[in-house]
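Participant: I'd like to ask you about the structure that follows.
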């Protein structure tokens, strides 16, 4: 559906996007994840035809975005960062205006306007001025505008920025619902958002793609050392002595007494192993009681931080 | 094509969403009417020359005031990104906005036809000169507006757009008064560039293709520059 090849963009001498290549298949929701200034917005601006790449090519549905820009733009619905709208128009007029600007035989229709109003939940604010809207509604108006021509591809740049938690959840649900019918590129610097809505994550840092896969895949391939939290009762000394020699256990991170005879330990496990069984056997061997055992996996957040903070 | 008109209609309407259009039109008509009636009683002749002279002068300020927000406001709000990712070409956007402003000013100027009616009751004004004068003013407005829309595309600050437009227009306006300081060769070039020089020909009722070419090529030049300025975002 969308394929980028060796996309590079310089702003003057600053390199914003560094030789990016990837493909997006039809019907996937791709999360474009990266810290602020990583090159997400620049990349989507190139795909939407707002900016031109310094080198490299983008094909949308096998149409070249430079030579067949207008055809490509018809297929894309775009919600730019901060959802810019005309502040002096009312919501309904604005949606009508955006639809008529995309006017094509058969596409202009009031039914679609009603549908979009319904999807985006704008029924209550139609007569309000755009300038009076809260940020959440403003974002929804931006989304309505992006959906008005029922595009195959939806590009959303930080759609939940500045919203309150309830609004964030609403927008996420909306994206998930739309994701079943459309190809979506979602830019975000917020991890849980991407985890919750996307079936593929691209992590971008300093203009380069540093990771690509489904959230679970990423977790699996980047899984670092896990951590076990243990609460042990009885024979603490022998247990602590022997735990480090258990296969799969790297070292004791901390050990704090909870009460006289009870201790809470954090131990690091060797990468890619699950030594919980071994720990249980050790307890039987040393005649200690295992009160609690919990395994903490490396979260996507840790991966994200690790990938994007490397110098 | 329809998109140009839809955009033009939206822009035209948005002039009336804020007090700008009302204030500008009212001021324009007041000043033009006051100047016209003063001159009428002083000279005691039934012609519109004083009206046209006055209009050319007031338009120096009024056109930049009406054109300053056309593109700069889109840049400030960020809506330019939406507009430019719609399936329409950049020149269509520029033309749509240009037409909207043109229509507004044209309506304002034709409202001063009331003065023509007044003097045709009092005397017998020269119809040819009136038609030529109005045509000349409308053409001048086109040039001023194309300059205004160009400067509006350079910045996201309306005031900057206004000032730069005013400076360019004022330079073209006073060109004719300064040519005496230049040698003949340069003077003739400056005279050709002067807006007034061409206006005088048309206002006399002589519609010469050279003057029309001047106005249309000036409009084309600045609209072309506007499109280039918008497309500069795509420079590599």
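Chains as they are written, first to last, in my numbering: chain A, 28 to 338; chain B, 719 to 954. Each residue gets a CB set at the ideal place from its N, CA and C atoms; glycine is no exception.
(1) What is the rounded straight-line gap between the Cα of residue 338 of chain A and the Cα of residue 281 of chain A?
(2) I need the boundaries of the alpha helix (DSSP H) containing residue 727 of chain B, first residue and last residue.
(3) Compare the C-beta of residue 75 of chain A against all C-beta atoms of chain B and say whether one is closer than 8 Å.
(4) Under the DSSP definition of a beta bridge, which residues are partnered with residue 238 of chain A?
(5) I'd like to know if residue 944 of chain B contacts chain E, where contact means its C-beta is closer than 8 Å to some C-beta of that chain.
(6) Please state the DSSP three-state secondary structure of residue 282 of chain A.
(7) If the cut is a Cβ gap below 8 Å, which residues of chain B does residue 97 of chain A touch?
(8) Using 8 Å as the limit for Cβ to Cβ distance, is residue 802 of chain B near chain A?
(9) Rank B:737, B:732, B:769 and B:776 by C-alpha distance to the C-alpha of residue 887 of chain B and give the top, closest one.
(10) Name the two residues that bound the continuous beta strand (DSSP E) containing residue 33 of chain A.
(11) Alpha carbon to alpha carbon, how far is residue 161 of chain A from residue 198 of chain A?
(12) Looking at the C-beta of residue 836 of chain B, does it have a partner C-beta in chain A at a distance below 8 Å?
(13) To the nearest angstrom, report how far apart residue 949 of chain B and residue 59 of chain A are at their CA atoms.
(14) In terms of residues, what are the limits of the alpha helix (DSSP H) holding residue 179 of chain A?
(15) CA-CA distance, residue 167 of chain A and residue 260 of chain A?
(16) Whose Cβ in chain B lies nearer than 8 Å to the Cβ of residue 353 of chain A?
(17) So which residues of chain B does residue 100 of chain A contact, with C-beta pairs closer than 7 Å?
(18) Which residues in chain A have a C-beta closer than 9 Å to the C-beta of residue 736 of chain B? List them in chain order.
(19) Residue 740 of chain B: buried (16+ other C-beta within 10 angstroms of its C-beta) or exposed?
(20) According to DSSP, what are the bridge partners of residue 293 of chain A?
(21) For the beta strand (DSSP E) containing residue 860 of chain B, list its first residue and its last residue.
(22) What's the C-alpha gap between residue 911 of chain B and residue 935 of chain B?
(23) Look at the alpha carbon of residue 181 of chain A and the alpha carbon of residue 203 of chain A, and state the distance between them as a whole number of angstroms.
(24) How far does the alpha helix (DSSP H) with residue 151 of chain A in it extend, from its first residue to its last?
(25) What three-state label does DSSP hand residue 321 of chain A in the structure shown?
(26) Where do the ends of the alpha helix (DSSP H) carrying residue 817 of chain B lie?
(27) Can you tell me which residues form a DSSP beta bridge with residue 932 of chain B?
(28) Going along chain A, which residues have a C-beta under 8 Å from residue 795 of chain B?
(29) Residues bridged to residue 214 of chain A by DSSP?
(30) Note down the Cα distance separating residue 226 of chain A from residue 113 of chain A, rounded to an integer number of angstroms.
(31) According to DSSP, which residues form a beta bridge with residue 316 of chain A?
(32) Is there at least one Cβ from chain B nearer than 8 Å to residue 128 of chain A's Cβ?
(33) Could you list which residues in chain A have their beta carbon closer than 8 Å to that of residue 732 of chain B, in chain order?
(34) Starting from residue 78 of chain A, find everything on chain B with Cβ-Cβ shorter than 8 Å and list it in chain order.
(35) For residue 721 of chain B, which residues in chain A fall below 7 Å Cβ to Cβ?
Facilitator: According to the structure shown:
(1) Per-residue confidence for residue 338 of chain A stands at a pLDDT of 44, beneath the threshold of 50, marking its modelled position as unreliable; the derived number appears in the next sentence. Approximately 29 Å, taken between the alpha carbons.
(2) That run of the alpha helix (DSSP H) goes 720 to 735.
(3) With 8 Å as the cut-off, residue 75 of chain A counts as an interface residue toward chain B.
(4) A:230.
(5) Structure shown: chain E not included; protein chains present are A and B.
(6) Strand.
(7) Residues of chain B passing the Cβ test: 805, 806 and 807.
(8) With 8 Å as the cut-off, residue 802 of chain B counts as an interface residue toward chain A.
(9) For the residues B:737, B:732, B:769 and B:776, the minimum Cα distance to residue 887 of chain B belongs to B:776.
(10) That run of the beta strand (DSSP E) goes 29 to 38.
(11) Straight-line Cα distance between these residues: approximately 14 Å.
(12) Under the Cβ distance rule, residue 836 of chain B does not count among the residues neighbouring chain A, no pair being separated by less than 8 Å.
(13) About 27 Å.
(14) First-last for residue 179 of chain A: undefined, no H or E at that position.
(15) Roughly 55 Å between the two C-alpha positions.
(16) Chain A is shown from 28 up to 338; residue 353 of chain A falls before or after that span and cannot be answered.
(17) Contact note: residue 100 of chain A reaches chain B through 803, 804 and 805, using a C-beta cutoff of 7 Å and chain order.
(18) For the C-beta of residue 736 of chain B, the chain A residues within less than 9 Å are, from N- to C-terminus, 115.
(19) Classification for residue 740 of chain B: exposed.
(20) Answer is A:256 and A:281, bridged to residue 293 of chain A.
(21) No beta strand (DSSP E) contains residue 860 of chain B, which is instead part of the alpha helix (DSSP H) from 845 to 870.
(22) The C-alpha of residue 935 of chain B is placed about 11 Å away from the C-alpha of residue 911 of chain B.
(23) Taking the Cα positions, residue 181 of chain A is about 12 Å away from residue 203 of chain A.
(24) DSSP places residue 151 of chain A in no alpha helix (DSSP H); its state is neither H nor E.
(25) Annotated three-state conformation of residue 321 of chain A is strand, per DSSP.
(26) Bounds of the alpha helix (DSSP H) holding residue 817 of chain B are 808 to 829.
(27) Residue 932 of chain B pairs with nothing; no bridge assigned.
(28) Within 8 Å Cβ-Cβ: 111, 112, 113 and 114.
(29) Beta-bridge partners assigned by DSSP to residue 214 of chain A: A:59 and A:184.
(30) Whole-angstrom Cα-Cα distance: 33 Å.
(31) Under the DSSP definition of a beta bridge, residue 316 of chain A partners with A:260.
(32) Cβ-Cβ to chain B under 8 Å: yes for residue 128 of chain A.
(33) Result: 113, 115 and 116.
(34) Simply 951 and 952.
(35) Ordered by position in chain A, the residues that pass the 7 Å Cβ test against residue 721 of chain B are 128 and 130.
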